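Number of protein chains: 2
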Amino acid sequence: MDEYKIDDVARECGITKRTIRYYEELGVFPAPDRSDGGIRIYSREHIDYLKKIMTAKDILGFSLQELVQYLSVSDAYKMHHKTYHDVKSREEQKSKLAHMQQMLDEQITMIRAKIEKMKSMETELEETKVRLNAFILKFNEEASQS
Amino acid sequence: MDEYKIDDVARECGITKRTIRYYEELGVFPAPDRSDGGIRIYSREHIDYLKKIMTAKDILGFSLQELVQYLSVSDAYKMHHKTYHDVKSREEQKSKLAHMQQMLDEQITMIRAKIEKMKSMETELEETKVRLNAFILKFNEEASQS
DNA sequence: ACAAAAGTTAACGTTGACGTTAACGTTAAA
DNA sequence: TTTAACGTTAACGTCAACGTTAACTTTTGT
Chain A
1 MDEYKIDDVA RECGITKRTI RYYEELGVFP APDRSDGGIR IYSREHIDYL
51 KKIMTAKDIL GFSLQELVQY LSVSDAYKMH HKTYHDVKSR EEQKSKLAHM
101 QQMLDEQITM IRAKIEKMKS METELEETKV RLNAFILKFN EEASQS
Chain B
1 MDEYKIDDVA RECGITKRTI RYYEELGVFP APDRSDGGIR IYSREHIDYL
51 KKIMTAKDIL GFSLQELVQY LSVSDAYKMH HKTYHDVKSR EEQKSKLAHM
101 QQMLDEQITM IRAKIEKMKS METELEETKV RLNAFILKFN EEASQS
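This is the structure:
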């Protein structure tokens, strides 16, 4: 078990097979191992990872290009460790790690800014609600004066 | 003063004239008064309103269709009061107000849910940062043991 | 008064993010 | 073993959200 075909993944993640292959093509989603017949075999980790991708896309409104950036830092290094066993030079790895640190900080800063903006939008909506309710009250009072 | 042409608006809001006309065509942005020559004359309120639209689009990742929905509640009723002087029947107005209340509540619920998800994404990013830093430490220790 | 700058509508072009169809090979249950 | 269900690649279609160009009118500084 712990082996899923593309249709299972599509169903659980709420997207189509076409989209999954498209994401793989773009490098948004890692290419899984294949069966002898060339069928893509996914693991549970793949599914969880794809779910995160969809959340980032939906909630943050990321484009696919931005997703590549985002994923290259957030949890991609876990997947990369398992997917590609890329043995690079020590210096290369070091600079890659430093780059990850920087990207992570940028992502954190960005998401905090977004949260703040969303909070002020929430506040505004609540104020609008108060004003609307006041208006409705007045509206009904006028009606009872006729 | 307090009169702006489309290029002023475009510059201040960081979009193109084409986009402004397109938004007007879609009903996302109210059609302003025209000069005798047919030129669109905007007020400061228009600019502030458009800025809000752009924020909602960028931060919430709304599509233009969703924006129409969003705007029909948030602050649209202010603009509508000034733009269209639609005198409808009392019953009609009442049901419209009730509908606004409901939409407002839905929007507030939705934005709160998004904020929560973004917070958990932020937490995750911070945890990743901690793990990454730990890994880098170990990485450098191994290097000094050679 | 007039040229340049800025405005207009109209219509076709582009890009991103998939959907759909075709033409074909593979797997699994009867 | 065969056939339905499922898989594949390849290529064209689609829709939203603008960009771009063309052909034209209006406004404005000198």
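If you're matching them up, the sequences are chains A and B in order.
With the first letter of the first sequence counted as 1, position 95 gets the number 95 in our numbering; the numbers rise by one all the way through.
With the first letter of the second sequence counted as 1, position 126 gets the number 126 in our numbering; the numbers rise by one all the way through.
Glycine is no exception: its CB is placed at the ideal position from the N, C-alpha and C atoms.
Remember, it's a predicted structure, so these values are computed and weren't measured experimentally.
Looking only at its own chain, which residues have a Cβ that is under 7 Å from the Cβ of residue i, when we skip the five neighbours before and after it?
i, result
"I59 of chain A", "none"
"C13 of chain A", "I47, L50, K51 and M54"
"E24 of chain B", "A31"
"K57 of chain B", "L67"
"S89 of chain B", "none"
"I20 of chain A", "I6, V9, A10 and F29"
Between residue i and the rest of its own chain, which residues show a CB-CB distance below 6 Å, the 5 nearest in sequence each way excluded?
i, result
"E141 of chain B", "none"
Under three-state DSSP, which class holds residue i?
i, result
"I20 of chain B", "helix"
"I41 of chain B", "strand"
"D2 of chain A", "coil"
"D105 of chain A", "helix"
"M33 of chain A", "The residue you asked about is not Met; residue 33 of chain A is Asp in the sequence shown. Three-state DSSP puts D33 of chain A in a strand."
"I15 of chain B", "coil"
"S120 of chain A", "helix"
"Q145 of chain A", "coil"
"S95 of chain A", "helix"
"N133 of chain B", "helix"
"K138 of chain B", "helix"
I think residue i touches residue j, with their Cβ atoms under 8 Å apart; what is that distance to the nearest whole Å?
i, j, result
"M213 of chain A", "I115 of chain B", "Limits of chain A in this structure are 1 at one end and 146 at the other, which puts residue 213 of chain A out of reach."
"I108 of chain A", "L132 of chain B", "I108 of chain A to L132 of chain B, Cβ: 12 Å. No contact."
"K17 of chain A", "D7 of chain A", "6 Å"
"L26 of chain A", "I136 of chain B", "Not really, about 29 Å apart at Cβ, beyond 8 Å."
"G61 of chain A", "G61 of chain B", "2 Å"
How far does the alpha helix (DSSP H) with residue i in it reach, from first residue to last?
i, result
"V28 of chain A", "Neither: V28 of chain A is in no alpha helix (DSSP H) and is coded neither H nor E."
"V68 of chain B", "L64 to L71"
If I measure Cβ to Cβ from residue i and keep anything under 8 Å in the same chain, skipping five residues before and after, which residues do I get?
i, result
"I41 of chain A", "E3, Y4, K5, P32, D33, R34 and S35"
"V28 of chain A", "I53, L64, L67, V68 and L71"
"V73 of chain B", "M100, M103, L104 and Q107"
"S43 of chain B", "D2, E3, Y4 and P32"
"S120 of chain A", "none"
"T123 of chain A", "none"
"S95 of chain A", "none"
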